[in-house]
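Trainee: Residue numbers (this note's numbering), protein chains in the order written: chain F, 172 to 487; chain B, 1444 to 1744.
1) Please list the segments of the alpha helix (DSSP H) lying wholly inside the segment 456-482 of chain F, counting only runs of 4 or more residues, in order along the chain.
2) When you compare the CB of residue 353 of chain F with every CB in chain B, is at least one pair closer than 8 angstroms?
3) Spell out the partners DSSP gives residue 1491 of chain B in its beta bridges.
4) My output table needs one value for residue 234 of chain F: the three-state DSSP class, helix, strand or coil.
5) Flag residue 1548 of chain B as yes if its beta-carbon sits less than 8 angstroms from any beta-carbon of chain F, otherwise no.
6) Mind checking whether residue 423 of chain F and residue 265 of chain F have CB atoms under 8 angstroms apart?
7) Look at residue 1560 of chain B and residue 391 of chain F and say whether their C-beta atoms are less than 8 angstroms apart.
8) Report, in whole angstroms, the separation of the C-beta atoms of residue 1594 of chain B and residue 1588 of chain B, which I expect to be a contact under 8 angstroms.
9) Give the interface partners of residue 1557 of chain B over in chain F, defined as CB-CB distance under 8 angstroms, in chain order.
10) With DSSP as the reference, label residue 1650 of chain B as helix, strand or coil.
11) Taking buried to mean at least 16 other C-beta atoms within 10 Å of its own C-beta, is residue 1646 of chain B buried or exposed?
12) Under DSSP, the alpha helix (DSSP H) around residue 288 of chain F begins and ends at which residues?
13) Would residue 1711 of chain B pass as an interface residue toward chain F - the criterion being a Cβ-Cβ separation below 8 angstroms?
14) Tell me the DSSP bridge mates of residue 1522 of chain B?
15) Determine the DSSP secondary structure at residue 486 of chain F, reduced to helix, strand or coil.
16) Would you verify that the beta carbon of residue 1736 of chain B is, or is not, closer than 8 angstroms to some beta carbon of chain F?
17) Three Cβ pairs or more, each shorter than 8 angstroms: is that satisfied between the segment 1686-1703 of chain B and the segment 1711-1725 of chain B?
18) Could you check which residue in B:1620, B:1483, B:1504, B:1473 has the C-alpha nearest to that of residue 1664 of chain B?
19) Kindly indicate the opening and closing residues of the alpha helix (DSSP H) around residue 1533 of chain B.
20) When you compare only the Cα positions, how much space is there between residue 1501 of chain B and residue 1483 of chain B?
21) Once you ignore the five residues that flank residue 254 of chain F on each side, which residues in its own chain have a CB closer than 6 angstroms to its CB?
22) Does the distance from the CB of residue 354 of chain F to the CB of residue 287 of chain F come in under 8 angstroms?
23) DSSP three-state label for residue 251 of chain F, please.
24) Who are residue 1497 of chain B's beta bridge partners in DSSP?
25) Closer than 7 angstroms, Cβ to Cβ, to anything on chain F: give me those residues from the segment 1592-1623 of chain B, in chain order.
26) Mind checking residue 357 of chain F: buried by the 16 CB within 10 Å criterion, or exposed?
27) Are the C-beta of residue 210 of chain F and some C-beta of chain B separated by less than 8 angstroms?
28) Quick one: which chain F residues come within Cβ less than 8 angstroms of residue 1552 of chain B?
29) Look at the alpha carbon of residue 338 of chain F and the alpha carbon of residue 1470 of chain B, and state the distance between them as a whole number of angstroms.
30) List the residues of chain B whose Cβ lies closer than 9 angstroms to the Cβ of residue 401 of chain F, in chain order.
31) If you compare alpha carbons, which of F:414, F:375, F:401 is closest to residue 465 of chain F?
32) Going along the chain, which residues of the segment 288-303 of chain F sit with their C-beta nearer than 7 angstroms to a C-beta in chain B?
33) Taking Cβ-Cβ distances shorter than 8 angstroms, what residues in chain B pair up with residue 320 of chain F?
34) In chain F, which residues lie with their C-beta within 9 angstroms of the C-beta of residue 1723 of chain B?
35) If the criterion is Cβ atoms closer than 8 angstroms, does the pair residue 1542 of chain B and residue 1624 of chain B meet it?
36) So, do the segment 406-423 of chain F and the segment 1570-1579 of chain B have three or more beta carbon pairs nearer to each other than 8 angstroms?
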């Protein structure tokens, strides 16, 4: 929009701008409005489709036996009945699984944060000898792994088969987590650490009393990330754990839902006064019970859940 | 001489801090790497890896002679190609559509709901899929209302593949769109304004501004996907498959797992090594390709 004369500048540009606005407005009213409504509708349907399977499962889990057997969309329960939940909770295996999953989630997350911080902090210091070498050493493990068989043989030789520690130790050091923490630590002004060092503080004190408190957001994100992974983990339990007393929720869930074995739950209800459940409602209840903690925390911690995606996209 | 020692001495407390982590890393990540030797040996459990006799390429010859391995390989390629075609594109489309939404709470709401499936394991999601696709489930109910006879989605070869792809999209499209959405926020809104002032339609604006803006991100994520080409989603397949669909559903990882349970360690290790090795080659090729296409700009290294 070049100006063409001195006195008439304002008049000309006003007209051109109005013309542009009118043209724009026109375009908005026609194809754009159509697109926007169509798009909104499509996205709403998509969001509903994403969440509907969960709704269905939930409604199935609280349905009475007769209504559960009726085919339908189950957007809401026709007859509510918590019998399936009673059966699930009464089952000692479920409680064992829950306890073990909780153990690995809490202990696993805390230890991962600890060990990875202890690796990330020195790597973030420019004066560390062979810094590049160490970094490469850690990052290489992200690209190449030994494989299922060698890992299995190693776990066996270490005597970790059927040992609760197998849930914690192998996954303690992840190149990804170390990288994230290292990048964050590098962003902390070195002057803070310097003055502490001059005052005679040891590197350990600097890490624990200065860097870690400053890293709360990153720790929260990495921690949450790890916690979810621990909660959902099942392959290591499948391969390495044999006794049911050490088994995790996911494995019991797998037996019940994928393996179609609800007998282990049903037998606990023998002799109970109300037995208004079907294998399907039991399966559904087990799923909901496993899913509940994550589902409950998700809306509140959504910010931290999502940050994990960004952390991965930051290039070195 | 002291100039050589001093940096070491200064770094000592830092190195001490790294000791537990490095030890764990060596033990659980580097140590198993020498297990790839099993692929070249006539592995015997009692003799262990080091003392088992060498067998050269024998294991590979035997492995490639097995029909079920070749099927697993073929299936992995087919499933990965399908995933790259549909599964890779979905988060991009979703991100573009979400980006066009002006109503903030609609955008946030859709995002919250579509991201959710990502946070659950395939044991959970698989179980839910089985409910939905079962003969008494809502999908077959819909078919019934339409007068179509029930379909056994999980035991039919072709439907199984469709289920894999669609449920894969269900789990990952929402979450996958986050990265693309983040990339889209860095596109200057002035570009859109001047384009619309010049008379560009919505479609043209998307084609000429939005998509090129996503190009770097798409390339990087595509490389990463190529590196994982032979993985094809073990979690998902394991929880959804059954012997009736082994013909199309058995992938390399599930094949290896079954070898392990049958204690055929040599075959398992050989197949596993093959997969890792090809994966490494793929990621190197993909990275070179990305570097070449973008004049060294976009690549992992």
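All C-beta atoms, glycine included, are put in the ideal place defined by N, C-alpha and C.
Mentor: On the basis of the data shown:
1) Counting whole runs of 4 or more residues, the segment 456-482 of chain F contains no alpha helix (DSSP H) stretch at all.
2) As a working note, residue 353 of chain F is residue 182 in the first chain. It does not: the Cβ of residue 353 of chain F has no partner Cβ on chain B nearer than 8 angstroms.
3) Walking along the second chain from the start, residue 1491 of chain B turns up at place 48. Answer is B:1487.
4) What you label residue 234 of chain F is simply residue 63 of the first chain in a count that begins at 1. Under the three-state reduction of DSSP output, residue 234 of chain F falls in the strand class.
5) Against the second chain, residue 1548 of chain B aligns to sequence position 105. It does not: the Cβ of residue 1548 of chain B has no partner Cβ on chain F nearer than 8 angstroms.
6) Position 252 of the first chain holds residue 423 of chain F. Position 94 of the first chain holds residue 265 of chain F. The answer is yes: Cβ separation under 8 angstroms.
7) Within the second chain, residue 1560 of chain B is the residue found at index 117, counting from 1. Within the first chain, residue 391 of chain F is the residue found at index 220, counting from 1. No, Cβ-Cβ distance for residue 1560 of chain B and residue 391 of chain F is not below 8 angstroms.
8) To locate residue 1594 of chain B, count along the second chain from 1; it is residue 151. To locate residue 1588 of chain B, count along the second chain from 1; it is residue 145. With a Cβ gap of about 14 angstroms, residue 1594 of chain B and residue 1588 of chain B do not count as contacting.
9) The residue given as residue 1557 of chain B occupies position 114 in the second chain. The answer, in chain order, is 217, 218, 221.
10) Along the second chain, read from residue 1 onward, the residue named residue 1650 of chain B stands at position 207. Three-state result, residue 1650 of chain B: helix.
11) Position 203 of the second chain, counting from 1, holds the residue named residue 1646 of chain B. Burial call: exposed.
12) For this step, residue 288 of chain F is matched to residue 117 along the first chain. Where residue 288 of chain F is concerned, the enclosing alpha helix (DSSP H) stretches over 263-295.
13) The count along the second chain starts at 1 and reaches residue 1711 of chain B at position 268. Closer than 8 angstroms: yes.
14) Locating residue 1522 of chain B in the second chain gives position 79, counting from the first residue. Residue 1522 of chain B is not bridged to any residue.
15) Taking the first residue of the first chain as position 1, residue 486 of chain F is located at position 315. Below a pLDDT of 50, predicted positions are generally treated as unreliable, and residue 486 of chain F, at 37, falls in that range; no measurement from the model is reported.
16) Translated into the one-based positions of the second chain, residue 1736 of chain B becomes position 293. For residue 1736 of chain B, the answer is no, since every Cβ of chain F falls outside 8 angstroms of its Cβ.
17) As far as the Cβ criterion goes, the segment 1686-1703 of chain B touches the segment 1711-1725 of chain B, which means the pair count is three or higher.
18) Taking the second chain and counting its residues from 1, one reaches residue 1664 of chain B at position 221. Taking only the C-alpha atoms, the option nearest residue 1664 of chain B is B:1620.
19) Along the second chain, one-based indexing puts residue 1533 of chain B at 90. Residue 1533 of chain B -> alpha helix (DSSP H) spans 1532-1542.
20) As a working note, residue 1501 of chain B is residue 58 in the second chain. As a working note, residue 1483 of chain B is residue 40 in the second chain. The straight-line gap from Cα to Cα measures roughly 7 angstroms.
21) By one-based count along the first chain, residue 254 of chain F stands at place 83. Within its own chain, the residues whose Cβ lies closer than 6 angstroms to the Cβ of residue 254 of chain F, once the five positions on either side in sequence are excluded, are 445, 447, 448, listed in chain order.
22) Numbered from its first residue, the first chain carries residue 354 of chain F at position 183. Numbered from its first residue, the first chain carries residue 287 of chain F at position 116. Taking 8 angstroms as the Cβ cut-off, residue 354 of chain F and residue 287 of chain F do not qualify as a contacting pair.
23) Numbered from its first residue, the first chain carries residue 251 of chain F at position 80. In the structure shown, residue 251 of chain F sits in a strand (DSSP, three-state: E or B).
24) The sequence position of residue 1497 of chain B within the second chain is 54, counting from 1. Looking at the DSSP output, residue 1497 of chain B sits in a beta bridge with B:1484.
25) Cβ contacts with chain F: 1613, 1617, 1618, 1621, 1622.
26) Locating residue 357 of chain F in the first chain gives position 186, counting from the first residue. Only exposed fits residue 357 of chain F, as fewer than 16 other CB atoms lie within 10 angstroms of its CB.
27) The sequence position of residue 210 of chain F within the first chain is 39, counting from 1. With its beta carbon less than 8 angstroms from one in chain B, residue 210 of chain F belongs to the interface.
28) Numbered from 1 along the second chain, position 109 holds the residue referred to as residue 1552 of chain B. Contacts between residue 1552 of chain B and chain F, judged by CB atoms closer than 8 angstroms, involve 218 in chain order.
29) If you number the first chain from 1, residue 338 of chain F lands on position 167. If you number the second chain from 1, residue 1470 of chain B lands on position 27. If I take the Cα positions, the gap works out to 15 angstroms.
30) Here residue 401 of chain F refers to the residue found at position 230 of the first chain. Within 9 angstroms Cβ-Cβ: nothing; residue 401 of chain F doesn't reach chain B, min ~11 angstroms.
31) Walking along the first chain from the start, residue 465 of chain F turns up at place 294. Selected option, being the one with the closest Cα: F:401.
32) Going along the segment 288-303 of chain F in chain order, one finds 289, 290, 292, 293, 296, 298, 299, 300 with a Cβ nearer than 7 angstroms to chain B.
33) Within the first chain, residue 320 of chain F is the residue found at index 149, counting from 1. Residues of chain B passing the Cβ test: 1478, 1481, 1699, 1703, 1708, 1711, 1712, 1715.
34) Residue mapping note: residue 1723 of chain B aligns to position 280 of the second chain, counting from 1. Residues of chain F passing the Cβ test: 314, 315.
35) Within the second chain, the letter at position 99 stands for residue 1542 of chain B. Within the second chain, the letter at position 181 stands for residue 1624 of chain B. A contact, by the Cβ cut-off of 8 angstroms.
36) No, the segment 406-423 of chain F does not touch the segment 1570-1579 of chain B.
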